[in-house]
């Protein structure tokens, strides 16, 4: 694939011609708006929004339809950060990491600042992700192809070290939380043998615990239970937006983390099968590791918000790399989008760059424009959601509860999921009261199954020989990273215990 | 979007509220259509594509409900236990209604628990290897499995999926006595990941719906080595199972159909036969489905039942012979 030269310019012009019309621009605008609103409703994930939009695209021209879906996708990923910051409930799984610092900032009366930073950071990451897609698609795609189960296993193993970064004060409590997450993630059918695990022959349990139900249960329900437990707030939590808007200086100070997060997003997004949530957490923990204000992370550090949002939006453009260059959908959302391609008789893959180059470059152009739309729609949305912050808690919390129940039900139309949400909610409540951090639970719940599946697939490939886990440079790279990180964590732990001993 | 969801919710609510009132003429209110797989999958797209002409035929809104999980079992159970009044129906699929019942001993339902009103879509199955593989034909594949048992692997979308059974069935038909030992089954989560595994070299071959492979074949990333239908498939430059002298493999096809719980009245089943007939004669619908590599062929209720039972029996016999039944 030759991206430079005359053909490149011609394609860009042809693509521009495809996008520069009212329908395409309107589709993008509508898509981003729908996405932001859907993302902002807890339980209404970006995936659902894209799935529900799909039938509307059948009658559109290919480029308009796909741009509409992409708009919804991008809007949804950003929209999720609004409730994450304002009401401690990630609107989509991707914005779970944003809760960690976004909500404490809101409690300090800096909701406007946090939302503003989330928006700026999202748009920057989105732009970087789109540019990477345009410039490095071929290169990143061949890289993604070299990611088999052993490489995946080592990458996930390294990602598990994030747990140390989001454990807060006590590493031990972090591990406890992660262990619970791992345990609950094993519920369901065994990958290789198909036998039930902790399913007690119950059909609902055979499907495993619904991720959205666990997510809402873990973050939103404990807050509501706390409110019920003690309705008279001793300290009135201030979540006013105020005049406190993000400044350019703050953006500049977080710029490094945003860029780092964007590239983590691009990198993880281009590998099919990981998704935005791990990327956000990895970006967050890297930002924390490099920051001089390490102690402030988790207590309302603006850089934490910037890093998380850069991490998840960085994925958005990059997931199209395996889709367009290889025809492989990277996650559920791109699997839906690939359906939209096929309905129109387009078959994504290397040949599409030749046969339908104009459409591909039209998409590229459209995506760049979508970053701009995201900025404006996001700004309006933040101002609109300002009112959420002014609602008294006695009204707001019951409303959140209703939204959670409805959202949780809507994911899979299952009352069982609502039950799961409440059970996890009580676990989360106990964890909150004993200062057990929730983030390690969530990370383990996401990464645990990936780790296990890839390990077992690798073992199947090699006939149970462990040597496959060090089969190439990628695995060596991640093993080295993992070892360095673990050593650093242990050393920091020893240092910590020494200082406490002296005190 | 939100309004739409609320609308769907209200519709659901009204269904439960008004259920006891016996209606004059079926259907007099919206019908719930359960899709037992997630959004964006083959079943989901097929269901949502037929929903449009089908709504016109039924004359009442169809509420599409995704209930995914456990290989289609959760949604299927929901319909199995639903009222038999014809207001809750299922989009049944090869995986949930012939492979899973054949393979899973713990499955909470059997084929007897459903009344099929029509199979409307057939998905041909194709087997493929990576484009740069030294395997050029089924004969190459079989001789490689025989020469070095345990080195050839095939990917699937999970245990108990059609892909899982297909890999074993194809090898068995081609004379590999114990395909489960001779070739390694690598389960992935989902059909997309299964095809990608072959592309990455994680697995040697895959047998799945031709629609899932079409773009890889067109882009010359994968090489088809066989299609299981009697007729060749457009775009797949590979011999058919009949060409290769294995006509039994014609049974290995994917399908989508509509089913209600057992005991649903003859009258309703007959009506649905008519609705499906009207929907599948919609040109727009046929065009969309064929663009995805499906064959639109409507079977009458009885024919559907016989077709599914026949496929189940063949699968079940194979599963028992190879000891593939999942008991735990």
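Protein chains in written order, with my numbering: chain E, 1 to 503; chain Y, 1001 to 1328.
Backbone N, C-alpha and C fix where the C-beta goes; we use that ideal spot for every residue, glycine too.
These numbers were taken from a predicted model, which means no experiment stands behind them.
Remark: C-beta atoms of residue 440 (chain E) and residue 174 (chain E) approach each other more closely than 8 angstroms. Between the C-alpha atoms of residue 1236 (chain Y) and residue 1205 (chain Y) there is a straight-line separation of about 16 angstroms. By the CB criterion at 8 angstroms, residue 347 (chain E) and residue 1209 (chain Y) fall outside the cutoff. Counting only the Cα atoms, residue 58 (chain E) lies some 32 angstroms from residue 215 (chain E). In the displayed model, residue 1052 (chain Y) falls within a helix according to three-state DSSP. In this structure, the alpha-carbon of residue 311 (chain E) lies about 55 angstroms from that of residue 1265 (chain Y).
Put simply, the backbone Cα of residue 1072 (chain Y) is about 43 angstroms away from that of residue 383 (chain E). The shortest C-alpha to C-alpha distance from residue 1277 (chain Y) to any of Y:1034, Y:1249 and Y:1058 is the one to Y:1058. Nearest C-alpha to residue 1051 (chain Y) among Y:1270, Y:1032, Y:1069 and Y:1026: Y:1032. As the crow flies, the alpha-carbon of residue 22 (chain E) is around 24 angstroms from that of residue 131 (chain E). Contacts with chain E at 8 angstroms (Cβ-Cβ) include residue 1215 (chain Y). Residues of chain E with a Cβ closer than 7 angstroms to the Cβ of residue 1256 (chain Y) do not exist; the shortest Cβ-Cβ separation is about 15 angstroms. Rounded to whole angstroms, residue 366 (chain E) and residue 377 (chain E) show a C-alpha spacing of 16 angstroms. Interface flag for residue 350 (chain E) against chain Y is set, since a Cβ pair is found closer than 8 angstroms. In this chain, the beta strand (DSSP E) harbouring residue 1156 (chain Y) covers 1152–1156. The segment 1296–1303 of chain Y makes no contact with the segment 1071–1091 of chain Y; the number of CB pairs closer than 8 angstroms stays below 3.
Think of a sphere of 7 angstroms around the beta carbon of residue 55 (chain E): the chain Y residues whose beta carbon falls inside it are 1048, in chain order. Closer than 8 angstroms to the CB of residue 1316 (chain Y) there is not a single CB belonging to chain E. Within the segment 5–19 of chain E, not one residue has a Cβ closer than 7 angstroms to any Cβ of chain Y. Of all C-beta pairs linking the segment 1061–1072 of chain Y to the segment 1034–1043 of chain Y, three or more are shorter than 8 angstroms, placing the two stretches in contact.
When the beta-carbon positions are compared, residue 1141 (chain Y) and residue 1233 (chain Y) stay at least 8 angstroms from each other.
Counting of Cβ neighbours within 10 angstroms places residue 1243 (chain Y) among the exposed residues, the total staying below 16.
When C-beta atoms of the segment 461–472 of chain E are compared with those of the segment 117–129 of chain E, fewer than three pairs fall below 8 angstroms, so the two segments do not count as touching.
Neighbours of residue 1187 (chain Y) in chain E, taken as residues whose beta carbon is under 9 angstroms from its own, are 191, 192, 194, 453, 456, 457 and 460 in chain order. For the segment 1232–1283 of chain Y, the continuous beta strand (DSSP E) assignments of 3+ residues that do not extend past its boundaries occur at 1254–1261, in sequence order.
Taken through DSSP and simplified to helix, strand or coil, residue 198 (chain E) comes out as coil. Assignment of residue 1189 (chain Y) by DSSP, reduced to helix, strand and coil, places it in the coil class. Exposure of residue 493 (chain E) is indicated by the presence of fewer than 16 other C-beta atoms within 10 angstroms of its C-beta.
Nearest C-alpha to residue 332 (chain E) among E:29, E:20, E:94 and E:193: E:94. Taking C-beta atoms under 8 angstroms as the contact rule, residue 258 (chain E) and residue 306 (chain E) qualify, at a distance of about 5 angstroms.
A residue is called buried once 16 or more other Cβ atoms fall within 10 Å of its Cβ, and residue 426 (chain E), having fewer, is exposed. Looking at the backbone, the Cα of residue 1145 (chain Y) and that of residue 291 (chain E) are separated by about 55 angstroms. Using a CB distance below 7 angstroms, the part of the segment 412–426 of chain E facing chain Y consists of 412, 413 and 414, ordered along the chain. Within the DSSP bridge table, the entry for residue 1207 (chain Y) names Y:1127 as partners. By the beta-carbon neighbour count (other beta carbons within 10 angstroms, threshold 16), residue 478 (chain E) is buried. Along the segment 1282–1297 of chain Y, the positions whose C-beta sits under 7 angstroms from a C-beta of chain E are 1288, 1291 and 1292, read in chain order.
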